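Undergrad: If you scroll down you'll find the structure; I have some questions about it.
Take a look at the structure:
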């Protein structure tokens with residue numbers, strides 16, 4: 001999905017069976033209704049209770065096989081899915097592109113068909129190309145596909161765990177001011193978060209160098225160059241202004257190569273103008289939450305003291321991620337035949 | 338589709354009163370008791386039984402709630418509209434305790450099987466007993482209740498509706514029979530004793 005695409009009533013993740021919408025895949029957040037998101041968040045709360053038990057194991061997915069298929073490096077997302085599957089008693093098999101037949105030139109589709117032929121129930125895929133999970137979902141008829149991040153497109157499970165973390169701390173998402181700061185342009189997390197927070201009634205403000213704000217979201221865009229998303233978000237490049245009265249401040253990872261590519265004048269200027277610091281946070285609401293999808297460049301997009309300070313919920317995000325992924329794995333299995 | 342009332346508000350109250358007395362009699366008091374309700378209506382019934390125990394014996398018996406979704410044996414054949422998992426809350430340790438499981442309808446016994454599997458993940462109770470508002474028969478597992486509000490032999494094609502003050506505005510148990518072709522899902526949205 002590009003941000004300029006219009007919303008469709010029925011997306012690939014769901015199909016209509018006897019009047020009830022049944023979800024087979026989790027490819028993007030844009031085919032989730034508000035009610036469905038709330039349902040996932042509620043189930044996640046129950047999964048969190050399971051994770052707090054002495055014996056962290058329930059038999060729900062006994063006999064189901066989940067493959068994590070990662071074509072990009074990942075620590076937290078991959079371990080998170082693996083733990084989620086194992087706590088639910090699924091058998092989890094991890095596969096990465098390096099060391100697999102991908103190195104011999106096997107295509108994504110053939111890898112998918114091979115995995116499907118082995119009787120796997122769910123494929124969790126991360127891929128550098130936008131749309132790779134959609135391709136698998138289209139071509140494979142027996143497996144469920146979960147998008148664990150594709151290119152610059154979407155990272156729906158990260159957005160859901162972010163929504164959960166904010167709802168858990170603040171009680172609700174409605175009317176909360178969420179500031180996302182940094183490299184929005186290259187961030188699939190930001191895209192999914194913008195959608196999710198806006199859908200749940202939060203006020204989303206984007207901040208960062210104007211070169212790293214998607215052109216279709218910038219205030220100067222108009223007509224067909226303007227995303228329908230643009231009406232849900234505000235852009236305020238001056239972080240000191242953007243952060244005023246914020247409930248949530250989310251810093252995004254700044255990749256060093258962006259500077260070489262000409263998006264930034266200098267790293268030092270970025271730090272001076274857009275780093276989330278303790279003094280900037282004083283402008284936000286008391287009791288604000290600081291978030292980061294990880295991995296962090298401490299001292300670049302976020303200062304060390306803020307990253308590990310009292311308002312940081314960065315570790316809660318990681319812990320909640322397991323619960324949210326359990327809820328999704330469980331949801332896709334119910335009614336799967 | 339027709340409905341026949343099986344238990345009135347007073348019948349439900351009397352049954353829960355008797356069940357509470359039987360629990361006290363069988364366990365020689367309320368020592369070490371934990372009442373565990375199975376979501377949704379079992380939780381409300383568990384609270385009412387605990388209220389009765391407090392009234393009769395003057396003790397506060399801990400009440401826990403259990404969601405058995407993650408322990409069911411019919412996950413893949415269920416309707417995906419029922420994926421919401423309700424909170425499990427076991428506020429006290431059940432190791433060595435006398436646990437009374439509470440549910441509204443006993444039917445196939447599969448819910449109770451799942452509930453026992455869930456319970457033992459929290460510890461090893463000294464004993465697990467079962468209290469039920471209505472036993473409608475048709476067991477598929479070797480499970481029986483220790484405390485029964487009312488026994489009602491039913492036909493498999495009949496359905497049982499349990500309505501409680503907390504969820505439905507009034508207490509009532511009714512038998513639903515006849516043509517289900519015109520049902521709008523309202524029967525399924527309430528408990529029909531199906532596992």
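Protein chains in written order, with my numbering: chain X, 1 to 337; chain U, 338 to 532. C-beta: ideal position from N, C-alpha, C; glycine also. Because the structure is a prediction, the values reported are computed rather than measured.
1. Taking 6 Å as the limit between beta carbons, can you name the residues of its chain near residue 400(U), skipping five residues before and five after?
2. Let me check understanding here. Comparing Cα to Cα, which of 510(U), 485(U), 365(U), 344(U) lies closest to residue 439(U)?
3. Can a CB atom of chain X be found closer than 8 Å to the CB of residue 431(U)?
4. Give me the DSSP bridge partner(s) of residue 234(X).
5. Does the beta-carbon of residue 84(X) have 16 or more other beta-carbons within 10 angstroms, so that it is buried, or is it exposed?
6. Which residue comes first and which comes last in the beta strand (DSSP E) that contains residue 127(X)?
7. Compare the C-beta of residue 434(U) with all C-beta atoms of chain X and state if any pair is closer than 8 Å.
8. Cβ of residue 230(X) within 8 Å of Cβ of residue 216(X)?
9. Check residue 472(U) in the structure and name its three-state DSSP category.
10. So what's residue 304(X) in DSSP terms, helix, strand or just coil?
11. Which residues, in order along the stretch 395-407 of chain U, keep a beta-carbon less than 9 Å from a beta-carbon of chain X?
12. What's the gap between the Cα of residue 198(X) and the Cα of residue 234(X)?
13. Could you name the residues of the stretch 303-335 of chain X whose beta carbon sits closer than 8 Å to any beta carbon of chain U, in the order they occur along the chain?
14. For residue 487(U), report the span of its alpha helix (DSSP H) as first-last.
15. Could you tell me if residue 343(X) is buried or exposed, where buried requires 16 or more neighbouring beta carbons within 10 angstroms of its beta carbon?
16. Can you name the residues that DSSP bridges to residue 511(U)?
17. Whose C-beta lies closer than 6 Å to the C-beta of residue 68(X) among residues of the same chain, with five residues either side of it excluded?
18. Among 432(U), 509(U), 466(U), 422(U), which one has its Cα closest to the Cα of residue 458(U)?
19. When we look at the beta-carbon of residue 357(U) and count the other beta-carbons within 10 Å, is it buried (16 or more) or exposed?
20. On the CB-based measure, 16 or more other CB atoms within 10 Å of its CB, does residue 328(X) come out buried or exposed?
21. Would you grab the beta carbon distance between residue 154(X) and residue 191(X) for me? Rounded to a whole angstrom, and I think it's under 8 Å.
22. How about residue 177(X) and residue 166(X): are their beta carbons less than 8 Å apart?
23. May I have the straight-line CA-CA distance separating residue 425(U) from residue 66(X), to the nearest angstrom?
24. Throw me the rounded Cβ distance for the residue 324(X) and residue 170(X) pair, which I believe falls under 8 Å.
25. List the residues of chain U that residue 58(X) touches, going by C-beta distances under 7 Å, in chain order.
26. Using a Cβ-Cβ distance under 8 Å, would residue 353(U) count as near chain X?
27. Considering only residues of the stretch 23-72 of chain X, which uninterrupted beta strand (DSSP E) runs meet the minimum length of 3 residues and lie entirely inside it, listed in chain order?
28. Which residue marks the beginning of the beta strand (DSSP E) containing residue 146(X), and which one marks its end?
29. Taking any Cβ of chain U, which residues in the stretch 23-52 of chain X have a Cβ under 8 Å from it, in chain order?
30. Can you confirm whether residue 123(X), when its beta carbon is compared against all beta carbons of chain U, has any partner nearer than 8 Å?
31. Which ranges would you report for the alpha helix (DSSP H) in the stretch 266-334 of chain X if only whole runs of at least 4 residues count?
32. From which residue to which residue does the beta strand (DSSP E) around residue 86(X) run?
33. Ends of the alpha helix (DSSP H) at residue 251(X)?
34. Quick one: Cα of residue 70(X) to Cα of residue 109(X), how far?
35. Compare the C-beta of residue 543(U) against all C-beta atoms of chain X and say whether one is closer than 8 Å.
36. Name the chain A residues whose beta carbon is nearer than 7 Å to that of residue 55(X)?
TA: Looking at the atomic coordinates:
1. Closer than 6 Å at Cβ, skipping near neighbours: 372, 383, 384, 387.
2. 485(U)
3. Taking Cβ atoms only, chain X never reaches closer than 8 Å to residue 431(U), which makes this a no.
4. 205(X)
5. Per the 10 Å Cβ criterion, buried.
6. Counting along the chain, the beta strand (DSSP E) containing residue 127(X) begins and ends at 122-127.
7. no
8. In this structure, the beta-carbon distance from residue 230(X) to residue 216(X) falls below 8 Å.
9. Note: residue 472(U) maps to strand in three-state DSSP.
10. helix
11. 404, 406, 407
12. So the two alpha carbons sit approximately 11 Å from each other.
13. So the list reads 327, 330, 331, 333, 334, 335, given in the order they occur along the chain.
14. It is not in any alpha helix (DSSP H) - residue 487(U) instead sits in the beta strand (DSSP E) that spans 484-488.
15. The question about residue 343(X) has no answer here: the residues shown for chain X are numbered 1 through 337.
16. 342(U), 498(U)
17. 78, 81, 94, 124
18. 432(U)
19. buried
20. Classification for residue 328(X): buried.
21. 6 Å
22. no
23. 26 Å
24. About 17 Å separates the two Cβ atoms, so there is no contact after all.
25. Going along chain U in sequence order, the residues near residue 58(X) (Cβ under 7 Å) are 407, 408.
26. no
27. Taking only runs of at least 3 residues, the beta strand (DSSP E) segments lying wholly in the stretch 23-72 of chain X are 65-70.
28. 144-150
29. 23, 39, 42, 43, 45, 46, 47, 49, 50
30. no
31. 267-274, 278-281, 304-307, 314-333
32. Boundaries around residue 86(X) are those of the alpha helix (DSSP H), 76-87, since no beta strand (DSSP E) includes it.
33. Unbroken run through residue 251(X) is the beta strand (DSSP E), 248-251; no alpha helix (DSSP H).
34. 14 Å
35. Residue 543(U) falls outside the range modelled here, since chain U spans only 338 to 532, and no answer is possible.
36. Absent here is chain A; the protein component of the structure consists of chains X and U.
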